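Undergrad: Residue numbers for the sequence shown, in our numbering: 46 to 209.
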Amino acid sequence: MTADPTAFGQGPIPMTTNEFTISPSKLSYDLGGCHRCFAEALNGESWPDRPFPGLFSRLDRHQRAFYDGKPTSLIDPDLPAGIIRNAKGVLSQRFEQDGVSLTIRGTLDAIAEFDDGTIGVIDFKSSIPNSYLGDRYRPQLSAYRWALTHPAKTEPQEVSKLGL
Numbered sequence: 046m047t048a049d050p051t052a053f054g055q056g057p058i059p060m061t062t063n064e065f066t067i068s069p070s071k072l073s074y075d076l077g078g079c080h081r082c083f084a085e086a087l088n089g090e091s092w093p094d095r096p097f098p099g100l101f102s103r104l105d106r107h108q109r110a111f112y113d114g115k116p117t118s119l120i121d122p123d124l125p126a127g128i129i130r131n132a133k134g135v136l137s138q139r140f141e142q143d144g145v146s147l148t149i150r151g152t153l154d155a156i157a158e159f160d161d162g163t164i165g166v167i168d169f170k171s172s173i174p175n176s177y178l179g180d181r182y183r184p185q186l187s188a189y190r191w192a193l194t195h196p197a198k199t200e201p202q203e204v205s206k207l208g209l
């Protein structure tokens, strides 16, 4: 016997739009939780913002300031030679599939400008390193890659590395 997907209001979510803009971080934080809540938020449902404690904002500012202009070897000696730069916002071209349009818009923590002309996406994390973090943040890093290689207004960049 299969459960009725419409019981208790758990049925299909009717789409009110076919154009979506999403932040890469939502792919890791929101999509990593309740998929229905994620879909409803994309569809315009208001959800309370998660608190982002001031300590994390302060840590983020200090990390960015510390690493800006430093060699990539400071993060990992195995990275290609290059310089770490504070990054700004990204905006992708629209990706269209089956009548649905998706645009990526967000703010990177940093990029590595490698000597070979490629770049690396760097996303600072304040958590304790774990083997599962790469999988958890892969959607976020991949969305940044998409936005940088398919930008709406600037020249495409070749992204050769993604990392936390």
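Ideal Cβ positions, reconstructed from N, Cα and C, are used throughout, including at glycine. Treat the numbers as computed from the prediction; the structure is a model and nothing was measured.
Using only the alpha-carbon positions, how far apart do residue 138 and residue 150 sit?
TA: Cα to Cα, residue 138 sits roughly 10 Å from residue 150.
Undergrad: Does DSSP put residue 169 in a helix, a strand or coil?
TA: Of the three classes helix, strand and coil, the one that applies to residue 169 here is coil, per DSSP.
Undergrad: Are there three or more Cβ pairs, one per stretch, closer than 8 Å when the stretch 179–195 is compared with the stretch 152–168?
TA: At 8 Å Cβ cutoff, the stretches touch.
Undergrad: Quick one: Cα of residue 200 to Cα of residue 140, how far?
TA: Rounded to whole angstroms, residue 200 to residue 140 spans 17 Å at the Cα level.
Undergrad: Could you spell out where the alpha helix (DSSP H) holding residue 192 opens and where it closes?
TA: It spans 178–194 - the alpha helix (DSSP H) in which residue 192 sits, taken as one unbroken run.
Undergrad: Is the stretch 111–130 touching the stretch 170–190, taking contact as three or more C-beta pairs under 8 Å?
TA: Taking 8 Å as the limit for Cβ pairs, the verdict is that the stretch 170–190 does not touch the stretch 111–130.
Undergrad: If we require 3 or more residues per run, which beta strand (DSSP E) segments fall completely within the stretch 87–172?
TA: If we require 3 residues or more, the beta strand (DSSP E) runs fully inside the stretch 87–172 come out as 127–131, 134–136, 140–142, 145–152, 155–159, 164–167.
Undergrad: Excluding sequence positions up to five away, which residues of its chain have a Cβ less than 7 Å from the Cβ of residue 198?
TA: So the list reads 136, once near-sequence residues are dropped.
Undergrad: Pick out whichever of 157, 147, 103 has its Cα sitting closest to the Cα of residue 121.
TA: Of 157, 147, 103, the residue nearest in Cα terms is 157.
Undergrad: Around the C-beta of residue 185, are 16 or more other C-beta atoms found within 10 angstroms, so that it is buried, or is it exposed?
TA: With 16 or more Cβ atoms within 10 Å of its Cβ, residue 185 is classed as buried.
Undergrad: Alpha carbon to alpha carbon, what distance is there between residue 134 and residue 118?
TA: Using only the alpha carbons, I get a separation of about 24 Å.
Undergrad: Using C-beta distances below 7 Å, list every residue in its chain close to residue 171, excluding the 5 sequence neighbours before and after it, in chain order.
TA: Excluding sequence neighbours, residue 171 sits near 101, 104.
Undergrad: Quick one: what does DSSP say residue 205 is sitting in, helix, strand or coil?
TA: In this structure, residue 205 counts as strand in the three-state DSSP scheme.
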